[in-house]
Amino acid sequence: MHILIMTAVEAEKDAVLRGIKDDHRFDVIAGGVGPVSAAISTTKALLTKKYDLVISAGIGGGFLNQTEIGSIVVATEIIAADLGAETAEGFSSIEQLGFGTSRVSVDQVLSNKLVNALQTAGLCVHTGPVLTLATVTGTKETASQLSTRIPGATVEAMEGFGVALAANDARLPILEIRTISNPVGPRDKGAWKIKEALLALEKASSILVEVL
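For the sequence shown, the UniProt record's numbering assigns the number 1 to the initial residue and increments by one for each residue that follows.
And the structure:
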């Protein structure tokens, strides 16, 4: 099996590489920040080599009623949470507008296998929808709206949906793994735990080697 792992930035890529060590089944690419860069970079990678699985991996903001700082989340679904329109009545999704879908399903068999292995290793792991947004949430109000609109939302990040669309287009299964560096809401950089989240990402990546 050949696996493509897409991260946003080099720090995430390095954490993944430390986890997988020298396992040559994996290629890890830092594809840039945001869903568009992620989709383009993933598509380019998939055109250069044959892969069997695509994984979007990195750190993200956690909804703290669902996750804890430093915990691991394995997506049950990847959702473009801001793909739609703002109306007088509130947000209308792309589905409600009749223009497509904002949701991509993950490979449930592989996802369950990974979750079981992470739990067996004694790591703190959660499952649930992982949100992709082009604009990071910065207020309690927006965080609350997202939680209400997408029940069970665990994490927000900026790349998963782009990676997932590219994988879908290539007819490849997709997974998304996120580790929590900060709570979703007001941007308090002093409270960010990026080092801890990257360490959790490294640990999660080491389990991938055993599972896949």
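Backbone N, C-alpha and C define an ideal beta-carbon position, used for all residues, glycine too.
Nothing here was measured: the structure is a model prediction, and the numbers come from that model.
Roughly how many angstroms separate the alpha carbons of LEU123 and ALA88, rounded to a whole number?
Taking the first residue of the sequence shown as 1, we reach residue 123 at position 123. Taking the first residue of the sequence shown as 1, we reach residue 88 at position 88. Straight-line Cα distance between these residues: approximately 44 Å.
Look up VAL73 in the DSSP assignment and say whether it is helix, strand or coil.
Taking the sequence shown and counting its residues from 1, one reaches residue 73 at position 73. In this structure, VAL73 counts as strand in the three-state DSSP scheme.
Starting from ILE3 and walking both ways along the beta strand (DSSP E), at which residues does that stretch end?
As a position in the sequence shown, residue 3 is number 3, starting the count at 1. From DSSP, the beta strand (DSSP E) with ILE3 extends over 3-7.
Is VAL184 near ALA143, with beta carbons less than 7 Å apart?
For the purposes of this step, residue 184 is identified with residue 184 of the sequence shown, where counting begins at 1. For the purposes of this step, residue 143 is identified with residue 143 of the sequence shown, where counting begins at 1. Going by C-beta atoms, VAL184 is nearer than 7 Å to ALA143.
Between VAL130 and ARG178, is the Cβ-Cβ spacing less than 7 Å?
The residue labelled residue 130 in the question sits at position 130 within the sequence shown. The residue labelled residue 178 in the question sits at position 178 within the sequence shown. For VAL130 and ARG178, yes; Cβs fall inside 7 Å.
With DSSP as the reference, please indicate the residues paired to PHE91 in a beta bridge.
Residue numbering aside, residue 91 sits at position 91 when the sequence shown is read from its first letter. Note: PHE91 sits in a beta bridge opposite GLU86.
Between which two residues does the alpha helix (DSSP H) containing residue 214 stretch?
Residue 214 lies beyond the residue range present for the chain, which begins at 1 and ends at 212; the question has no answer from this structure.
In three-state terms, what does DSSP make of ASN65?
One-based indexing of the sequence shown puts residue 65 at position 65. Coil.
Return the bridge partner residues of ASP27 from the DSSP annotation.
One-based indexing of the sequence shown puts residue 27 at position 27. For ASP27, which the question treats as bridged, DSSP gives the partners LEU4.
Ends of the beta strand (DSSP E) at ARG103?
To locate residue 103, count along the sequence shown from 1; it is residue 103. From DSSP, the beta strand (DSSP E) with ARG103 extends over 103-105.
Chain-order list of residues whose beta-carbon lies under 6 Å from that of VAL163 (same chain, five-residue window excluded)
Numbered from 1 along the sequence shown, position 163 holds the residue referred to as residue 163. Within the same chain, VAL163 has close Cβ partners MET6, ALA38, THR42, SER56.
According to DSSP, VAL125 sits in a beta bridge with which residue or residues?
By one-based count along the sequence shown, residue 125 stands at place 125. According to DSSP, VAL125 bridges with ILE72.
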